[in-house]
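For this note's numbering, add 105 to where a residue sits in the sequence shown, where the first one is 1. Using N, Cα and C, we set each Cβ at its ideal position, and we do this for glycine too. Presented below is the structure to which this report refers.
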Amino acid sequence: MSNKRTDISSCLELIQDLIRDGYRQEEILSRVNTQVVAQNQRAISLRTLQQFIKENLSLDKPDLDGVRELVQTLIHEGSRQSDILGSVNEQLSANNQRTISLSTLKRNIRDWGFNQKANQTDTNSLRELVQTRLANGDTPREILEHVNTQRIARNELAITMRTLHRRLKDWGLDRKSQHARILQESGEDIMSFLRKRFQLPQSDVQ
106 MSNKRTDISS CLELIQDLIR DGYRQEEILS RVNTQVVAQN QRAISLRTLQ QFIKENLSLD
166 KPDLDGVREL VQTLIHEGSR QSDILGSVNE QLSANNQRTI SLSTLKRNIR DWGFNQKANQ
226 TDTNSLRELV QTRLANGDTP REILEHVNTQ RIARNELAIT MRTLHRRLKD WGLDRKSQHA
286 RILQESGEDI MSFLRKRFQL PQSDVQ
């Protein structure tokens, strides 16, 4: 391994991408060191990485007011805080601004008065409505139209088809999850029939 000072300029694009994707500096350091060691150079310290970022990737202070509407929308859609953080940091990085931590996001949600507990109640009522419409045989597009009609009437933000599909998957109400559940239940019925028909103990039926 060379005793020369490690040159991480070749990692500039990698560092930019990782910052934009919201990686923590410790994670960026690990990825950078993997690359420089592969180049037969010495690993660097976190302090060296921070200095390199400061000198070569001058990022502006994050404009949190600029992402306030995004955060509000994602909260109304029922997104998890980790997902909200990822979306916020993606937008900040795209605007050449420093990313924020989860604690900073939580503090700003509180300061802005966005109530995620109240939104949980809204999410539960949304699930009940969606389940009812599915039982009535409505298509996802018909469900979305019905949901948004009600939300707009209550002066709430409408949701997108993408959000509806994500919710269906989270709740196990999407077509794939329902199909898997039907297959599992059918399999259990067959096993039960075989045990009763041939008087076999449960362990004998695979």
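Nearest candidate by alpha-carbon position, reference Ser135, set Ile149, Arg125, Gln144 and Arg215
Ile149
Any heavy atom of the ligand NAD inside 7 Å of the beta-carbon of Ser230?
The model depicted lacks the ligand NAD and carries no ligand whatsoever.
DSSP three-state assignment for Gln146, whether helix, strand or coil
coil
Taking the beta carbon of Gln255 as the centre, do at least 16 other beta carbons fall within 10 Å, making it buried, or is it exposed?
exposed
Using beta-carbon positions only, say whether Asp165 and Asn201 come within less than 8 Å of one another.
yes
Would you report the Cα separation of Glu182 and Asn161, rounded to the nearest angstrom?
37 Å
Beta-carbon separation (whole angstroms), Leu119 vs Val137, contact threshold 8 Å:
7 Å
Cα-Cα separation between Gly191 and Gln156, rounded to whole angstroms
24 Å
In DSSP terms, what Asp165 is bridged to:
Gln202
Quick one: complete alpha helix (DSSP H) runs, 4+ long, within the segment 166–200?
173–181 and 186–199
Give me, in chain order, the residues of the same chain whose beta-carbon lies closer than 6 Å to that of Arg125; leave out the 5 immediate sequence neighbours on both sides.
Ser198
Close-in-space but distant-in-sequence residues of the same chain around Ile269 (CB under 8 Å, 5 per side omitted)
One point to set straight first is that residue 269 is Leu, not Ile, in the sequence displayed. The residues are Val235, Pro245, Ile248, Leu249 and Val252.
By the DSSP assignment, the alpha helix (DSSP H) with Ser208 in it spans what residues?
Leu207 to Trp217
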